[in-house]
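Residue numbers (the UniProt record's numbering): 1 to 185. Yeah, the Cβ is synthetic: ideal placement off N, Cα and C, and Gly gets one too. Comments concern the structure below.
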Amino acid sequence: MEASKYLTANDFKGLGLLAKHCDLEKLEIAINEAFKFDIIPLFCFDFVNDILDNWNNDNYKDLINESKYQSSGRFSYSFGFKTVWVYYAYSRYVLINNYNDTANGLVQKNNEWSIPTPLKEITDISNNYRVMGKEAFESVYSFLCVNRSRFPKFNAKDCSGGCNDDCNGGETKKIRGAKYKIISR
């Protein structure tokens with residue numbers, strides 16, 4: 001999966017504090033990690049694959065991008081699949097951006113004009129973006145429940161519990177350094 005076909009640094013504008021000279025290589029790593037460990041577990045691979053195959057299809061625009069829709073006679077808002085991915089990717093970028101792999105091992109970026117942010121604060125910021133990603137996912141999931149006839153690969157039994165029996169949808173794997181923890185809806 002080539003992340004740059006789907007997300008770019010511009011997609012993060014207004015959602016995260018990316019520096020003008022952000023480390024694009026680390027951002028791509030974060031995008032790929034979020035895809036594998038957050039997006040696929042949340043939406044199930046078959047449906048994610050369907051979304052990527054239809055990325056430029058007009059019928060998928062209101063799923064991929066932010067949109068409003070009607071449910072039970074009232075308007076609702078969906079953050080969009082792309083926004084969910086961006087929030088989870090940014091939460092991972094925040095954690096990995098602070099460090100560089102060198103010949104001498106993993107080092108923290110430092111110079112005379114900066115003071116490193118404590119790992120606890122970085123982790124808290126990352127967790128805040130994960131929470132926002134979860135909220136965005138719930139808005140997209142509600143959109144999908146209302147519009148499931150338009151997206152045949154979205155195979156929720158009853159829109160209260162995730163994907164079909166082949167997938168444990170709605171769970172992501174949280175990262176703190178090299179440790180992963182399963183978070184359920």
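Exposure label - residue i; buried when at least 16 CB within 10 Å
i, result
"SER126", "buried"
"LEU24", "exposed"
"GLY16", "buried"
"THR83", "buried"
"PHE154", "buried"
"ASP38", "buried"
"GLY161", "Confidence at GLY161 is low in this model, with a pLDDT of 45, below 50, so the placement of that residue is unreliable and no value is reported for it."
"GLY133", "buried"
"TYR88", "buried"
"TYR141", "buried"
"PHE12", "buried"
"ALA30", "buried"
"residue 207", "There is simply no residue 207 to check, as the chain begins at 1 and stops at 185 in what is shown."
"TYR129", "buried"
"LEU27", "buried"
Bridge-paired residues (DSSP) for residue i
i, result
"THR102", "GLY105"
"THR68", "In the sequence under discussion, the amino acid at residue 68 is Lys, which differs from the Thr named in the question. BP columns for LYS68 point to TYR77."
Candidates the options: closest to residue i by CA position
i, options, result
"TYR60", "GLU2, SER71, PHE47", "PHE47"
"ALA136", "PHE81, ASN110, ALA34, GLY14", "PHE81"
"ARG150", "ILE40, ASN54, ASN104, PHE35", "ASN54"
"VAL146", "LEU63, THR117, TYR87, GLN108", "LEU63"
"SER114", "SER139, PRO41, ASN98, ARG92", "ASN98"
"VAL131", "ILE51, ASN32, ARG92", "ARG92"
Local conformation of residue i per DSSP, three classes
i, result
"THR123", "helix"
"CYS145", "helix"
"LEU18", "coil"
"ASP11", "helix"
"ALA156", "coil"
"ASP23", "coil"
"TYR129", "helix"
"SER4", "helix"
"LYS91", "Note that residue 91 is Ser in the sequence shown, not Lys. Correct three-state label for SER91: helix."
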